[in-house]
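So the sequence lines, in the order shown, correspond to chains A and B.
According to the numbering used here, the first sequence is numbered sequentially starting from -16.
According to the numbering used here, the second sequence is numbered sequentially starting from 2.
All C-beta atoms in this analysis are idealised placements derived from N, C-alpha and C, irrespective of residue type, glycine included.
Everything on this sheet refers to the single structure shown next.
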Amino acid sequence: MPETISLEVLRYSPETDAEPSFQRYDVPLRKDWVVLDALNYIKDKVDGSLTFRWSCRMGICGSCGMMVNGEPKLTCATFLSNYARDAAPVRVQPLRYFPVIRDLVVEVTDFMTKLQSVKPWLIRGEEKPTSEGEYLQTPDQLDRYKQFSMCINCMLCYAACPVYGLDPVFIGPAAIALAQRYNMDSRDEGAHERMDVLAQHEGIWGCTFVGECTQVCPKHVDPAGAIQQYKLTATIERFKSFLLPRGAK
Amino acid sequence: MDISYHDVLLVGGGGAGLRAAIAVAETNPKLSVAVVSKVYPMRSHTVSAEGGAAGVIKSGDSLDDHAYDTISGGDWLCDQDAVEIFVKEAPEELLRLEHWGCPWSRDPDGHIAVRAFGGMKKMRTWFAADKTGFHLLHTLFQTTLKYKAVTRYDEWFVTKLLVDEGRVQGVVALQLMSGRIQAITAKSVILCTGGCGRVFPFTTNASIKTGDGMALAFQAGAPLKDMEFVQYHPTGLPFTGILITEAARSEGGYLINKDGYRYLQDYNLGTPTDKPVLRNMELGPRDRLSQAFVKEVEKGRTTDTPYGSVVHLDLRHMGEKFINSRLPFVRELCLKYENIDPVKELIPVRPVIHYMMGGVHTDNHGATPLAGLYAAGEVACVSINGANRLGSNSLPELLVFGARAGKAAALSAMEQKPPSEQVVSQARDEKLRLEKQFLHKTGGRERIVTIRSEMHQAMESGAGIYRNQTSLQQAADKLRELRERFWDISLDDHSLTFNTELVAALEQSFMLDVGSAIVESALHRTESRGAHQRTDFPARDDRNFLAHALIFRNPDGSNRIEQSPVVVTRWPPGERVYGVKSEAKEVATT
């Protein structure tokens, strides 16, 4: 293994730069270093102005998603040594399809609005008081939505989604998976309310089932599966609504 | 100077902050709530908690049992009135989380499942696989989204509390995206910023855990309490410091030294059994396990690695299926970050800084002695954790006291006048300070990384698992020197757009304050208790030190320490007994 490795990092400061450009850095190549360690090395030792987000360094906070050699990655879980064989420098860029605030930091507001729009909270017709104990839920019922509850909001799936790339109005994989997380929860009664958001054009119908979102998910959530499931449900519900009054099941 | 107005303001949007926000909204839906957080709330460090949340729910368990485990685990430094409130309200809070959708792991009949945990003599730890904090935080965050009264200030960094007429009236904060510095006023402010593990070099804590709230309160004149009690978790991965949850042991993992020997049996923690036994061996409390590790190093029975000495955690006998269902995150972390498969291989581990028992001094409603200021969660010290927190007590703590602080802050806010004129000029002064000291400053010879590394070194060698007068005094002197040198800091980054180097400088300044509070409190306590072990004073000294230590900042910048009594209700101080003598019972593994 060579002793150093080169990174080409996209730099952009709206106050001084007309457009982004790559800057090259040579950093020590250590077996247990991830891409994020290299970025922190640069920030500490070479250039304190390099700007990126990170926090937990254990793949659960969802802050440090970036494009590494063109692929959306959690940089805390991407070893530098994976790229040691390549002669070319490792290219680190901000997550694709999002507006860039500065360097590797992207604008998240639109994503947050989309998450909120699917009403990602438990909706009940009637609330049971806590004095009556828990809502029962068997392990099988838990398993039905469990994988959709694993999303860490890292947004890699948006950076992988060609539909989102073409049409930023598309509500996107993570938001739909989150809606499905509650829809599939045996304690929830809010599927109809969520249908109003999801059945719009930019909801589930926008997806052409490319499946890239599922492939890049670091937490093995299957947003593509959620979208397909939901298309089916929505079609059935829409058909039923011709025959039955709204709200009947 | 821009200024915005709210009734209640939360600094920090982790578990405690979000629970408090909901409590405010439920107490009075007309109140305006601001959540000011330096990260998007779902990035907060609550997300990393793994093992579970303790709350009495099963028959055969009792509130008194949970209280006794907590108090003895805390080496009798807990306030027992606070502990009684805590154990009583914890189950209801956990049930509320369930009603909000938290995916708790279940028994086959659909009821909540519980698991064993260190220092607990009954199985009472609720869990969501081994991502309990993640699920708890996301459930709270998603639930908060339905409250229209909550305004979020995402990625705003609080630099100062606004205090006038003896009352906290808001904060000055920097918006990262724009560089805007402004006053955000409120009639009550609740600090929910979590702990300060980053004061030390080797920690499970995320990069954001820099003690901001502790330093903000301290600078504003509120005392910090029991800061000498810093918890090492016995099982961190070397190099990264990633936590391997205590659940790995409560589900049946063994700790072994380089000879394959379950060494805890040599340290008054009971005798080895195949199946885990409550309050025995690997299910002893964290302080005692971390101390046993140091003794093993001294005996030369640990394994050397490039990242220091390690022992090993052995899960191999548990089998792939069981590990995948109960400890999936442990396996994922080992595979992804250590390239080790715990199904087939030993996991190298060593003690790692994990949690602050100490924090901002509060009463049982989260109120600090400074009017208008509240604190909840790890940033606060109520104290239910005493000299050593038991695993799975921190998540219910942030719920119980987050809710209490939210309610108290809401009720108080309803009685208050709008902010005084004076705070606007204070905010203006703070903006000038930040520009002069950092943004517009040229020259300066110190780099943040140098100050940080020297602080890390001082804290680790001076105030680690074992301390003494000499080591602590050296650390105190070093921190004083670093404080002087900090004035000469220079930044590469003078930009207003997302200036993370400016944030790092402000955090570094906070950490120097918090570090000095830890070291000076540890110098003051000339006894050994729980996580605070003095080699020069190895015994517990109830006559002089069955008391909290409150550290205050004097106007001249020096610190002073006062003691305040520990509240004892029903459990007089006794010996901490673990192992066979403590009516140990085998864990019923499902």
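B:Asp514 counts as buried, since no fewer than 16 other beta carbons sit within 10 angstroms of its beta carbon.
Note on geometry: alpha-carbon atoms of B:Glu431 and B:Tyr579 lie some 52 Å from one another. A straight line joining the alpha-carbon of B:Gly387 with that of B:Thr140 spans about 29 Å.
Between A:Thr(-13) and A:Asp9, the C-beta gap is smaller than 8 Å, which places the two residues in contact. From the beta-carbon of A:Glu(-2), the residues of chain B found nearer than 8 Å are Ser496, Leu497 and Thr498. Residues of chain B whose Cβ lies closer than 8 Å to the Cβ of A:Ile84 are, in chain order, Met178, Thr498 and Phe499. Using a Cβ-Cβ distance cut-off of 8 Å, the region 54 to 64 of chain B and the region 352 to 369 of chain B are not in contact, since fewer than three pairs of beta carbons, one from each stretch, lie closer than that value. Between B:Val295 and the set B:Asn281, B:Cys197, B:Asp267 and B:Leu279, the nearest pair of CA atoms involves B:Asp267. Distance from the CA of A:Cys134 to the CA of A:Ala157, rounded to the nearest whole angstrom, comes to 7 Å. Burial check for B:Thr160: the Cβ neighbour count within 10 Å reaches 16 or more, so the residue is buried. In the DSSP annotation of this structure, B:Ser49 is not part of any beta strand (DSSP E), being labelled neither H nor E.
Counting of Cβ neighbours within 10 angstroms places B:Gly516 among the buried residues, the total reaching 16 or more. Pairing B:Leu270 with B:Arg280, the inter-Cα distance amounts to about 8 Å. With its beta carbon less than 8 Å from one in chain A, B:Gly111 belongs to the interface.
Around the beta carbon of B:Lys322, a 10 Å sphere encloses fewer than 16 other beta carbons of the protein chains shown; the residue is thus reported as exposed. For the pair A:Ser38 and A:Ser32, the CB atoms are not nearer than the 8 Å cut-off. Taken in chain order, the complete alpha helix (DSSP H) segments of 4 or more residues contained in the region 73 to 106 of chain A are 92 to 100. The Cβ atoms of B:Thr186 and B:Ile4 sit closer than 8 Å to each other. Your pair B:Leu473 and B:Ala464 checks out as a contact, with CB atoms roughly 6 Å apart and the cut at 8 Å. Contact annotation: in the region 94 to 110 of chain B, residues whose CB is within less than 7 Å of a CB in chain A are Leu96, Arg97, Glu99, His100, Trp101, Gly102, Pro104, Arg107 and Pro109.
Scanning the region 549 to 587 of chain B for uninterrupted beta strand (DSSP E) segments of 3 residues or longer gives 560 to 566, listed from N- to C-terminal end.
Under the DSSP assignment, B:Ala184 falls in the beta strand (DSSP E) whose first and last residues are Ile182 to Thr186. According to the DSSP assignment, B:Pro329 belongs to the alpha helix (DSSP H) that extends over Pro329 to Leu334. Identification of residues in the region 125 to 150 of chain A having a C-beta nearer than 7 Å to some C-beta of chain B yields Leu125, Lys129, Ser132 and Asn136, given in sequence order. Taking 8 Å as the CB threshold, B:Val450 lines the interface with chain A. Taking a beta-carbon distance threshold of 8 Å, B:Glu229 does not count as an interface residue toward chain A.
The DSSP-derived three-state label of B:Trp157 is strand. Look at A:Arg(-6): its C-beta is not under 8 Å from any C-beta on chain B.
Of the residues assessed, A:Ser114 falls on the exposed side of the cut-off, its CB having fewer than 16 other CB atoms within 10 angstroms. Residue pairing of B:Leu314 in beta bridges, as defined by DSSP: B:Leu256 and B:Ile348. Judged by DSSP in its simplified three-state form, B:Gly74 adopts helix.
Under the three-state reduction of DSSP output, B:His355 falls in the strand class. Against chain B, the CB of A:Ile154 has no partner CB under 8 Å away; the residue lies outside that interface. The beta carbon of B:Glu502 falls within 8 Å of a beta carbon belonging to chain A, placing the residue at that interface. Put simply, the region 112 to 130 of chain B does not touch the region 143 to 152 of chain B. Fewer than three CB pairs are less than 8 Å apart. Within chain B, the C-beta atoms nearer than 8 Å to that of A:Leu105 come from His100, Trp101, Gly102 and Thr144, in chain order.
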